Amino acid sequence: MTVEFGLDTILHQRIIDKCMSLYKDGHFPSAAFESMKQVELALKEKSGTDEKLFGTRLVDTLLGSGKNIKLTIPLGDELQEQARSLFKGAFSYYRNYTAHDGSKIDEVICIRIMVLASELLDLIAASPISFTEIGGVKGLIERGIFDKESQISDLLSFLSSQVCPGCFDGLFEDLCERGYTDHQYQSVFDLGLIEYKQEIRDYSFPDKPADLDTFGWFELTPMGHMVLNKN
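The sequence shown begins at 1 in UniProt numbering and counts up one residue at a time.
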């Protein structure tokens, strides 16, 4: 049986936006290198670091201690260390080669690297667009998404104060009353300034039927904290 997947269905949006044109034009080494650069950039964005670190040194600094970036592991959170090893191996094997040579990167190898980079971006829970690329806070204003910086910090402050079991009934009505649009709400997530977290909590008493409920909250990323503290 033949299984077919279109690249657009399995690649991360950042890889599609940044690498597919290079790939389609036959620039396979460049597309592969750009894929790994996007992973590198996403790691820095997620941690909020501006250190001049690259490759495996960046992985050791941001993932090694377990205190900076916690990866999103669909196969089980207990595999954090194995996922970190995946990053380190990918950077050591692919990133370094594409940065310094890349001459042996053909179409097939390029596709494999783009797919792997997409997997790594998903593990980082990387935003589809780079905060740096859009121009940071000033870019959000220049594009007309927000009118002024204080709007962004006020929205982040409001969202990060919201905690609720189950779902956030009335949240969007509250946002509308505060003058925020759905597009503004979505933009702070797309740019990796804030994330939605949830966990299952057990409120049952001993020898009683299980009383499980979903508890959700919004959490600022390091980049979001930087924006909020700046304003």
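Built from N, CA and C at the ideal position, the CB exists for glycine as well.
Nothing here was measured: the structure is a model prediction, and the numbers come from that model.
Rounded to whole angstroms, the Cβ separation of G192 and K70 is 14 Å, and the two are not in contact under 8 Å. By the criterion of a C-beta distance shorter than 7 Å, S30 is surrounded in its chain by L22, once the five residues flanking it on both sides are discounted.
The beta carbon of S160 sits closer than 6 Å to those of F218, L220, all from its chain and outside the five residues before and after it, given in chain order.
In terms of CA proximity to S35, L116 leads the group Q186, I145, K52, L116.
The residue among D60, F54, I141 with its C-alpha nearest the C-alpha of S187 is I141.
According to the DSSP assignment, A99 belongs to the alpha helix (DSSP H) that extends over 96–100.
As the crow flies, the alpha-carbon of M226 is around 35 Å from that of R112. Beta-carbon to beta-carbon, A126 and R14 are separated by about 6 Å, close enough to satisfy the 8 Å threshold. Annotation for Y185: the continuous alpha helix (DSSP H) segment containing it runs 182–190. By DSSP's assignment, I109 forms no beta bridge with any residue. Assigned with DSSP and collapsed to three states, L123 falls in helix.
In this structure, the straight-line span from the alpha carbon of G144 to that of K104 is close to 44 Å.
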